[in-house]
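Going by our numbering, the first residue of the sequence shown is number -19, and it counts up by one from there.
Cβ coordinates follow ideal geometry from the N, Cα and C atoms, glycine included.
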Amino acid sequence: MENDEGYLRRAMVLAEEARRAGEVPVGAVLLIDGEVVEAWNVKESTPDPTAHAEMVAIREAARRLGRWRLSGGTLYVTKEPCVMCAGAVVAARIDRVVFGCYDPKGGAAGSVMDILRDPRLNHRVVVEGGLLESETAEQLRSFFVSQRQATDES
C-alpha cells in the first residue's frame, strides 16, 4: 500500500503538469518490467481525443518494450478510467489498476460500469479504487471551478 500511495502521489504531480498546460489534470504512472512510464492528459494540446493519461502511458510502455502485451504491469491513475481507457487496459493485458477518485459520470472501473472486471471479457484486472480519493477529487474539482470562473469573467 505504501508503494501504491507513492506512485499515485507521483501521478498527482503529473496531473499538475497537465493543469499547467491547460489540460484536465489527470496523471498516470505505469510500472512494468522495471520501466516507469509517466504521462498526463494531452487531449487539448495534441489535439487528440484519445490522448488521456492512461492511453499515453500505455502507448509509451508498448513502444519502449516493443510489445503490445503489458502483462505484469500496474497502472496508477488519479481518476477512475473511462470506457476507452479501461478497454485499452484490458486489450493490453495490464494486471492491475490503482486509481484515486471515482468518476460517477463516466467511470468504467466500477462507477458507471466495470469493464476491467467484466467476466465476459478475455482478461480481468485487479482494481483498487479510492486511494487518496479526497485529494485526487479535489485536484479535479479545483481545476473545474477555476475553468468556470475564467469563463464567467470572459
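Going by alpha carbons, who is nearest to residue i out of the options?
i: valine 105; options: Thr58, Leu112, Ala89; result: Ala89
i: alanine 31; options: Leu11, Val6, Gly87; result: Val6
i: glutamate -4; options: Gln129, Asp132, Thr116, Gly(-14); result: Thr116
i: aspartate -16; options: Val(-7), Ile95, Glu108, Pro27; result: Glu108
Could you check how far apart the C-beta atoms of residue i and residue j are, in whole angstroms? I think they sit under 8 Å.
i: isoleucine 164; j: alanine -9; result: Residue 164 is absent from the structure shown; the chain starts at -19 and stops at 134.
i: glutamate 24; j: glycine 2; result: 6 Å
i: glutamate 118; j: aspartate 83; result: Going by Cβ atoms, the distance from glutamate 118 to aspartate 83 rounds to 14 Å, so no, they are not a contact pair.
Measuring only the C-alpha atoms, how far is residue i from residue j?
i: serine 114; j: valine 70; result: 27 Å
i: methionine 64; j: tryptophan 20; result: 15 Å
i: methionine -19; j: tyrosine -13; result: A caution first: methionine -19 carries a pLDDT of 49, below 50, which makes its placement in the model too unreliable to give a value.
i: leucine 50; j: arginine 100; result: 20 Å
Start and end of the alpha helix (DSSP H) containing residue i?
i: arginine 44; result: 33 to 45
i: valine 70; result: 63 to 72
How is the beta strand (DSSP E) around residue i delimited, first residue to last?
i: alanine 8; result: 7 to 12
For the ligand SAM, I want to know if residue i counts as a neighbour, meaning its beta carbon is within less than 8 Å of at least one of the ligand's heavy atoms.
i: glycine 67; result: The model depicted lacks the ligand SAM and carries no ligand whatsoever.
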